[in-house]
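**Q** What follows is a structure written as structure tokens; I'll ask about it next.
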Amino acid sequence: MMGSVLIYYFYTTIYDVVAIQQWQLEICNSLGLKGRIIIAPEGINGTIGGSCEATQAYSKALREHPLFSQVDIKVSIGNSDCFPRLRIVVKKEIVRLGIDPTVVRADQAGRHITAEETHKLLESKSDNLVVLDVRNDYESAIGKFEHAVIPPIKTFREFPAYIYKNKDMFKNKDVLMYCTAGVRCERASAFLKSLDLARDVMQVYGGIHRYVERFPEGYFRGKNYLFDERRAVKINDDIMAQCSFCRTSYDTYINCSNTQCNKQIISCLACKDEYKTTCSNVCKDLVLTGRVKQRSFRPCFIVPAKQN
Ligand SMILES: [Zn+2]
Ligand SMILES: [Zn+2]
């Protein structure tokens with residue numbers, strides 16, 4: 160089934176998070192949507208998939224709510240099979256930076272820079288401009304902006320410590336941040352601004368998603384990592400990563416088929432076969448001797464390259 164996946168976020172004060180959660184549950188269930196939505200007093204953050212009709216009806220309902228009329232909804236190819244289930248949860252933050260959202264507030268974020276403005280900035284990149292990837296290292300491993308600084312972080316929660324440790328890198332600089340679709344930059348840029356280090360703090364509005372829609376052969380090279388069954392969208396033919404076993408140029412992630420390990424690694428087709436879709440000789444042995452449960456694979460949703 161062809162359909163759509165919607166990615167959106169909106170920072171706004173939500174007083175009754177439980178009421179919004181109930182409302183979202185009703186809409187998503189009635190439309191047969193799957194995915195995950197996080198609701199917090201600071202806003203909403205969702206990635207959901209379903210048929211084209213269902214996702215359109217969802218977008219309309221969301222925009223008709225007075226709190227979310229200004230939401231920017233990104234649409235890509237996919238469907239409800241991109242998600243194992245529907246999860247709508249209430250949390251403290253819509254992406255976990257680990258800092259109280261009333262202390263580092265999204266309304267103190269850096270300037271929004273459009274895809275076109277981003278492209279222009281990179282075309283004539285000044286030495287004072289630092290392009291900063293605020294995603295995790297396994298995301299930037301398979302695709303990133305040219306000349307971007309890549310923090311060696313495993314989760315967004317490690318971002319503040321990374322900045323503290325590398326203060327000098329941002330002193331008096333113009334910092335242009337980016338992430339997948341923008342939600343992390345809102346607070347990451349607010350955090351950097353709060354330190355009063357950089358001369359200017361900017362964020363790519365709509366993130367990689369909006370930039371590559373406009374410039375598929377632009378300064379973003381490789382794949383855009385996704386947190387759903389699609390795993391990534393191929394943006395152009397550049398391959399930025401290597402097979403973790405044989406180091407051949409390759410950029411498709413798998414999860415170790417040992418259910419107790421589940422480690423995410425890049426494994427080329429030959430090594431996937433050799434290691435029986437596991438991450439190591441240890442896991443391969445455990446799986447082959449039946450000492451652990453092996454995950455059964457369902458056919459993964461294939462994303463066509465170049466969506467526009
Ligand atoms: Zn290999
Ligand atoms: Zn493993």
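Numbering (this note's numbering), first residue to last: 160 to 467.
We put the beta carbon where it would ideally sit given N, CA and C, even for glycine.
Give the residues whose C-beta lies closer than 7 Å to at least one heavy atom of ligand 1, in chain order.
**A** Residues flagged by the Cβ proximity filter: 402, 404, 405, 407, 409, 426, 427, 429 and 430.
**Q** State the beta-bridge partners of residue 291 as determined by DSSP.
**A** Paired residues: 308 and 336.
**Q** Tell me which residue opens and which closes the beta strand (DSSP E) that residue 359 is part of.
**A** Taken as a continuous stretch (DSSP letters only), the beta strand (DSSP E) holding residue 359 covers 359-363.
**Q** Near ligand 2, which residues have their beta-carbon less than 6 Å from any of its heavy atoms, given in chain order?
**A** Chain-ordered list of matching residues: 415, 417, 420, 422, 437, 438, 439 and 442.
**Q** Residue ranges of each alpha helix (DSSP H) run of no fewer than 4 residues wholly in the segment 186-267, ordered along the chain?
**A** Here the runs fully enclosed are 211-223.
**Q** Can you give me the Cβ contacts of residue 434 inside the same chain, cut-off strictly under 6 Å, excluding the 5 residues immediately before and after it?
**A** Excluding sequence neighbours, residue 434 sits near 443.
**Q** With a cut-off of 8 Å on the beta carbons, I'd call residue 265 and residue 346 a contact; round off their distance for me.
**A** Contact holds; Cβ gap of about 6 Å.
**Q** Do residue 308 and residue 280 count as a contact pair if the criterion is CB distance below 8 Å?
**A** No, the Cβ-Cβ distance between residue 280 and residue 308 is not below 8 Å.
**Q** Nearest to residue 400 by CA position, among 415, 389, 384 and 388, is which residue?
**A** Among 415, 389, 384 and 388, the Cα nearest to that of residue 400 belongs to 384.
**Q** So, residue 247 versus residue 184, is the Cβ gap smaller than 8 Å?
**A** Contact: yes.
**Q** Take residue 232 and list the residues in its own chain whose beta-carbon comes closer than 6 Å to its own, dropping the five residues that flank it on each side.
**A** These residues qualify, in order along the chain: 165, 167 and 218.
**Q** Rounded to whole angstroms, what is the Cα-Cα separation between residue 206 and residue 200?
**A** Between residue 206 and residue 200, the C-alpha separation is close to 18 Å.
**Q** Please report how far the alpha carbon of residue 287 lies from the alpha carbon of residue 368, in whole angstroms.
**A** About 25 Å.
**Q** Could you give the first and the last residue of the continuous beta strand (DSSP E) run that contains residue 424?
**A** Segment 423-425, the beta strand (DSSP E) holding residue 424.
**Q** Have a look at the DSSP bridge pairing and note the partners of residue 379.
**A** Bridge partners of residue 379: 304.
**Q** What three-state label does DSSP hand residue 178 in the structure shown?
**A** Three-state DSSP puts residue 178 in a helix.
**Q** Counting C-beta neighbours from all protein chains within 10 Å, is the total for residue 415 16 or more, i.e. buried, or is it exposed?
**A** By the neighbour-count rule (16 or more Cβ atoms within 10 Å), residue 415 is buried.
**Q** Could you give the residue range of the alpha helix (DSSP H) that holds residue 346?
**A** Element bounds for residue 346: 342-354.
**Q** DSSP puts residue 272 in a beta bridge; with which residues?
**A** Answer is 363.
**Q** Can you name, in chain order, every residue of its own chain whose Cβ lies under 6 Å from the Cβ of residue 334, other than the five neighbours on each side?
**A** Contacts found: 289, 291, 357 and 360.
**Q** Can you tell me which of 423, 332, 364 and 236 puts its alpha carbon nearest to the alpha carbon of residue 273?
**A** Looking at the Cα atoms, 364 is the closest of the given residues.
**Q** Go ahead and pull the three-state DSSP assignment for residue 401.
**A** Residue 401: strand per DSSP, three-state reduction.
**Q** Go ahead and pull the three-state DSSP assignment for residue 315.
**A** Residue 315 falls in the helix class under three-state DSSP.
**Q** At which residues does the alpha helix (DSSP H) containing residue 434 begin and terminate?
**A** Run containing residue 434: none; DSSP gives neither H nor E here.
**Q** Taking all protein chains shown into account, decide if residue 311 is buried (16 or more other Cβ within 10 angstroms of its Cβ) or exposed.
**A** Label assigned to residue 311: exposed.
**Q** Checking 8 Å against the spacing of the C-beta atoms, do residue 362 and residue 348 come in under that value?
**A** Yes, the Cβ-Cβ distance between residue 362 and residue 348 is below 8 Å.
**Q** Could you please give the first and the last residue of the uninterrupted alpha helix (DSSP H) stretch that includes residue 443?
**A** Run containing residue 443: 440-447, per the alpha helix (DSSP H) assignment.
**Q** Between the alpha carbons of residue 329 and residue 321, how many angstroms are there, rounded?
**A** Looking at the two C-alpha atoms, the distance is approximately 11 Å.
**Q** So, at 8 Å on beta carbons, what are the nonlocal neighbours of residue 319 in its own chain, with the 5 sequence-adjacent residues on each side left out?
**A** Excluding positions up to five away in sequence, the list reads 256, 257, 258 and 350.
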